[in-house]
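Each remark here refers to the structure printed beneath this line.
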Amino acid sequence: KTVLIPEHQLQGGSVGGLIAFRNETLDVAQNEFGLLALGLAKTFNDQHRLGQDLSGVLGGDFFKVPKPEILSARDNAPASSVI
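Numbering (this note's numbering) for the sequence shown: 1179 to 1261.
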């Protein structure tokens, strides 16, 4: 059986330090890196589409950029129960 422990109860020690690092540093860095990667892929694709091969065929997207995915939290209430 899994027992969920609220993060505010794990503020000190090694586990608390790891949680703080994740919340304050890692999540922000991952988000910024993802935005940088998306910007680079879009800019590269835009430029690549302007080029031509030796036969005069226009270039296409070099990188495949996935569509955004929306994930719900498991403890979200269904829309029918929102007042």
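Note that beta-carbon positions come from the ideal geometry of N, C-alpha and C, so glycine has one too.
>> Contact between the stretch 1234-1249 and the stretch 1207-1226 is defined here as three or more beta-carbon pairs at a separation below 8 Å; is this criterion met?
In response: The answer is yes - the stretch 1207-1226 touches the stretch 1234-1249, with three or more Cβ pairs under 8 Å.
>> I'd like the span of the alpha helix (DSSP H) that includes D1224, first residue to last.
In response: On the sequence shown, residue 1224 is found 46 positions in, with the first residue counted as 1. Going by DSSP, D1224 is part of the alpha helix (DSSP H) stretching over D1205 to L1228.
> With DSSP run on the structure shown, which of helix, strand or coil describes L1196?
Replying inline: Within the sequence shown, numbered from 1, the residue matching residue 1196 stands at position 18. L1196: helix per DSSP, three-state reduction.
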